[in-house]
Structure formats: C-alpha cells, structure tokens
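Colleague: Dumping the structure here so I can ask a few things about it.
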C-alpha cells in the first residue's frame, strides 16, 4: 500500500522570494556603514595627529583630552581599612596638582600611575577625562589613556588659577 503522504525528512525548506523582511527596532540599533581611516601605499592605517589643549580649556564631563603638564605637588590618599576586598590588592591613589601656563587642576593617579607622577616631572596625558568629585573637576587617565614622562620642559605653572577649586552644581533644565 503506497501512501502519498509527505515525509518531513524529504521536504525542502521553503524558498523566500524578494528582499529579507525589515529588521525590527529593538534593543540593538541598525548597523551603520563603517568608514575606514585613510590608508597609505603600504596598507597601514594613518594615525591622526593629537590635538593638544591647555588646562584652562577643560570643562566638566569631557574626555579625550591630550595635554602636556608639569607635576607641582603629590599627596597620597589614605585608604580606609577594609575598604578593599580581601581578594583584591589594595589600590594606591594619589592626588597630584598638575598644570601649565594657563591654569592648574588636581589629577587623580591610581596604582602604577602614582610612580610616574613625581613633583617636578613633565608628562604627556593622552585620552584624559574630567571626573567630577564632590562638585569639583578632577583630571584622570583610565585604562584607555596613557601617561608618558617626557624631558623636562620650561613650564611655569599658574597656581593661582586652580580649576579644582571651582564648585559646579548639577541643574536640571526643563524644556
């Protein structure tokens, strides 16, 4: 008795005609077109030149700054006992007063950065950001940035214009 019933193992998947259905707008936004950087004749990507800023141009909530500053002073921040977990190494934190000819600001150095930020040294801070601490600005370099000690430059730090002494207040604006 031969039956003409369809067997699931012999069916082919249904082919779709036309373009795929539109992507639904959910958590993941639609992909954007990737624009590669300029390439040279050897196929190596060309790096952009860093744009150096002065300390007085820094403002709250900004990041990606590249600046050359001189370390004026360094103060170690004492750690509270039991603040770090027993399985983590204790963090070394130091507040350094850094600046240039235009102004100065407090820089928060963490762990290995503390050894680089000695008073009198001149450093390049790459990809630095502004953190807010108790309403005042602090300069910091996280894992995406870099601190480079360079040869001493003739920088006279303007200590009477300390940006970390200015207090800011967060204001909600109704539109």
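Residue numbers (full-length UniProt numbering): 1 to 175. For glycine and all other residues, C-beta sits at the position ideal for the given N, C-alpha and C.
Tell me, please, which residues DSSP counts as bridged to residue 92.
Modeller: Your numbering for residue 92 matches position 92 in the chain shown. DSSP, once it has assigned bridges, lists no residue as partnering residue 92.
Colleague: Nearest by alpha-carbon distance to residue 111: which of 120, 73 and 94 is it?
Modeller: By 1-based counting over the chain shown, the position of residue 111 is 111. When only C-alpha atoms are compared, the closest one is 94.
Colleague: Might you give, ordered along the chain, the residues of its own chain that have their beta carbon closer than 7 Å to the beta carbon of residue 158, omitting 5 neighbours on each side?
Modeller: Taking the chain shown and counting its residues from 1, one reaches residue 158 at position 158. For residue 158, where only same-chain residues beyond five positions count, the Cβ hits under 7 Å are 99, 101, 102, 103 and 104.
Colleague: Quick one: grab the DSSP three-state call for residue 176.
Modeller: Limits of the chain in this structure are 1 at one end and 175 at the other, which puts residue 176 out of reach.
Colleague: Going by beta-carbon coordinates alone, are residue 72 and residue 106 separated by less than 7 Å?
Modeller: The count along the chain shown starts at 1 and reaches residue 72 at position 72. The count along the chain shown starts at 1 and reaches residue 106 at position 106. No, the Cβ-Cβ distance between residue 72 and residue 106 is not below 7 Å.
Colleague: Looking at the unbroken beta strand (DSSP E) that takes in residue 106, where does it start and where does it end?
Modeller: The residue labelled residue 106 in the question sits at position 106 within the chain shown. Unbroken beta strand (DSSP E) run through residue 106: 104 to 110.
Colleague: If we count Cβ pairs, one from each stretch, closer than 8 Å, do we get three or more for the stretch 48 to 61 versus the stretch 111 to 122?
Modeller: Taking 8 Å as the limit for Cβ pairs, the verdict is that the stretch 111 to 122 does not touch the stretch 48 to 61.
Colleague: So for residue 142, helix, strand or coil by DSSP?
Modeller: Here residue 142 is taken as the residue at index 142 of the chain shown, counted from 1. Correct three-state label for residue 142: coil.
Colleague: Determine the extent of the beta strand (DSSP E) in which residue 123 is found, giving its start and end residues.
Modeller: As a first step, residue 123 must be located in the chain shown, where it is residue number 123. Note, residue 123: beta strand (DSSP E), 122 to 133.
Colleague: Among 174, 58, 19 and 69, which has the Cα closest to the Cα of residue 154?
Modeller: As a working note, residue 154 is residue 154 in the chain shown. Closest option to residue 154, judged by alpha-carbon separation, among 174, 58, 19 and 69: 69.
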